[in-house]
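**Student:** Take the sequence shown: its letter number 21 is residue 22 in our numbering, and every next letter is one higher. One structure is given below, represented as structure tokens, and several questions about it will come after.
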Amino acid sequence: MPIQSDFDRNRELIVYTLSGVVEFHDVREVFKEMIDSLSITKNLLLDTRPATFPKPLENEDIDELVEELTHLHDQSREFTEGKSAVIAETDLGFGIMRMFNTFAQLKRLPFDLVPFRTMEDALDYLKEDS
2 MPIQSDFDRN RELIVYTLSG VVEFHDVREV FKEMIDSLSI TKNLLLDTRP ATFPKPLENE
62 DIDELVEELT HLHDQSREFT EGKSAVIAET DLGFGIMRMF NTFAQLKRLP FDLVPFRTME
122 DALDYLKEDS
């Protein structure tokens, strides 16, 4: 699974694009990369449109991922004012990302990963005032 990242200084935004076949361990890796980049940018966007997910994430996978992100974030103490969004066009992907966001809120992860179906909607959200 290739991960491409592009930094847009004007928008204070890093766009991570997943492509190819994506497994759970790949999702974990991209989230770790995103946490690591919080010190250099205000906003993050994860674009999953070019990716194929052969097996949807299970509740246990999502819970494990949120726990890991909470731990990583607690170590870095970054990302207090920015926003993050994910583009998930399919009904299944959108639903899974909404579930992820709910788990994250319940675990008090200090940032949201708000799901959108289009790039335009995600970018509009990211440029809104907090």
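Heads up, the beta-carbon is just placed ideally off N, CA and C, and yes, glycines get one too.
Can you find the residues in the same chain that come closer than 6 Å, C-beta to C-beta, to L45, ignoring five residues on each side of it along the sequence?
**Tutor:** Against the sequence shown, residue 45 aligns to sequence position 44. Taken in chain order, the residues that qualify are I15, M35 and S85.
**Student:** Would DSSP call V31 helix, strand or coil?
**Tutor:** Within the sequence shown, numbered from 1, the residue matching residue 31 stands at position 30. Note: V31 maps to helix in three-state DSSP.
**Student:** Is the region 45 to 62 touching the region 22 to 33 in the sense that three or more CB pairs, one from each, lie closer than 8 Å?
**Tutor:** Contact between the region 22 to 33 and the region 45 to 62 is present, because at least three Cβ pairs lie under 8 Å.
**Student:** Please state the DSSP three-state secondary structure of D7.
**Tutor:** Here residue 7 corresponds to residue number 6 of the sequence shown, with the count starting at 1. D7 falls in the strand class under three-state DSSP.
**Student:** Find the nearest neighbour of T53 within the set V87, S20 and D37, judged by alpha-carbon distance.
**Tutor:** Here residue 53 refers to the residue found at position 52 when the sequence shown is read from its first residue. Looking at the Cα atoms, S20 is the closest of the given residues.
**Student:** List, from N- to C-terminal side, the alpha helix (DSSP H) runs of 4 residues or more that fit wholly inside the region 52 to 115.
**Tutor:** Fully enclosed alpha helix (DSSP H) runs of 4 or longer: 60 to 77 and 92 to 107.
**Student:** Return the residue from the list K128, K108 and D48 that minimises the CA-CA distance to F117.
**Tutor:** Numbered from 1 along the sequence shown, position 116 holds the residue referred to as residue 117. When each option's Cα is compared against that of F117, the closest is D48.
**Student:** Buried or exposed for G96, please, with buried defined as at least 16 other CB atoms from any protein chain shown within 10 angstroms of its CB.
**Tutor:** Start at 1 with the first residue of the sequence shown, and residue 96 comes out as number 95. Its Cβ having fewer than 16 others within 10 Å, G96 is exposed.
**Student:** Which residue marks the beginning of the beta strand (DSSP E) containing L45, and which one marks its end?
**Tutor:** Numbered from its first residue, the sequence shown carries residue 45 at position 44. That run of the beta strand (DSSP E) goes N44 to D48.
**Student:** Between which two residues does the alpha helix (DSSP H) containing L127 stretch?
**Tutor:** Within the sequence shown, numbered from 1, the residue matching residue 127 stands at position 126. Here the alpha helix (DSSP H) through L127 covers M120 to K128.
**Student:** Could you check what DSSP says for I36 in three-state terms: helix, strand or coil?
**Tutor:** Here residue 36 refers to the residue found at position 35 of the sequence shown. Reduced to three states, the DSSP call for I36 is helix.
**Student:** From T91, I41, D113 and E65, pick the residue whose C-alpha is nearest to that of E13; which is it?
**Tutor:** Taking the first residue of the sequence shown as position 1, residue 13 is located at position 12. Closest by alpha carbon: I41.
**Student:** Within 10 angstroms of the Cβ of F8, are there 16 or more other Cβ atoms? Answer buried if so, exposed if not.
**Tutor:** Here residue 8 refers to the residue found at position 7 of the sequence shown. Counting Cβ neighbours within 10 Å, F8 comes out exposed, since fewer than 16 surround it.
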